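Numbering (my numbering), first residue to last: 215 to 372. Heads up, the beta-carbon is just placed ideally off N, CA and C, and yes, glycines get one too. Computed from a prediction, not measured in an experiment: that's the story for all the values here. In what follows, a single structure is set out as structure tokens and then discussed.
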């Protein structure tokens, strides 16, 4: 999808008052066609101004990416336990409304923090699935995924 972002407005910063997500990279081309256009954001704590994590939004969906989802996040170790991933996810939902009708978030069944993030962000569990043997997640010892969905109130096309 080379050129996906060319004529589209891209949100560079968004805040909820506690955290701000700041665009650090947009990628509308990957040599492997299963990868989707992606926006990558640093997560910054507003009061301390420290970068506390990173999140990304993968736009669109295909069978391969279903196991990885539209949203990914990591909160750096010293900042965990404050629901910053939930806050970042909700901000990404606002951005996603410009592009999609729904978001898929996946997590491992043995990751209670990510399960809580999905639930606190208002996602609904859709299914528990086995990752296909030929998927790259297998190389990371990820064999089972919980699939969550969030229906978005899509904004008008831009």
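Which runs of the beta strand (DSSP E) spanning at least 3 residues fall entirely within the stretch 217-288, listed in chain order?
-> Listed in chain order, the complete beta strand (DSSP E) runs (minimum 3 residues) inside the stretch 217-288 are 227-229, 233-241, 252-259, 265-272.
For residue 372, name the three-state secondary structure that DSSP assigns.
-> The pLDDT assigned to residue 372 is 46, lower than 50, so where the model puts this residue is not dependable, and the model offers no usable value.
Under a three-way DSSP split, which group does residue 356 fall into?
-> It is coil, neither helix nor strand.
Chain-order list of residues whose beta-carbon lies under 7 Å from that of residue 372 (same chain, five-residue window excluded) = Annotation note: pLDDT 46 at residue 372 (below 50); position unreliable, coordinate value reported separately. Excluding residues within five positions, the ones whose Cβ falls inside 7 Å are 222, 223, 312.
Could you pull out every residue in the same chain whose Cβ sits closer than 7 Å to the Cβ of residue 217, ignoring the five residues on either side in sequence?
-> Closer than 7 Å at Cβ, skipping near neighbours: 242.
If we call anything under 8 Å between Cβ atoms a contact, is residue 233 one with residue 257?
-> Going by C-beta atoms, residue 233 is nearer than 8 Å to residue 257.
On the three-pair Cβ rule with 8 Å, is the stretch 289-296 touching the stretch 242-256?
-> Flag = no, the stretch 289-296 and the stretch 242-256 do not touch.
Whose C-alpha, out of 350, 328, 361, is nearest the C-alpha of residue 340?
-> When each option's Cα is compared against that of residue 340, the closest is 361.
Are three or more beta carbon pairs between the stretch 275-286 and the stretch 299-315 nearer than 8 Å?
-> Counting C-beta pairs with one atom in each stretch, the stretch 275-286 and the stretch 299-315 have three or more that are closer than 8 Å, which means they touch.
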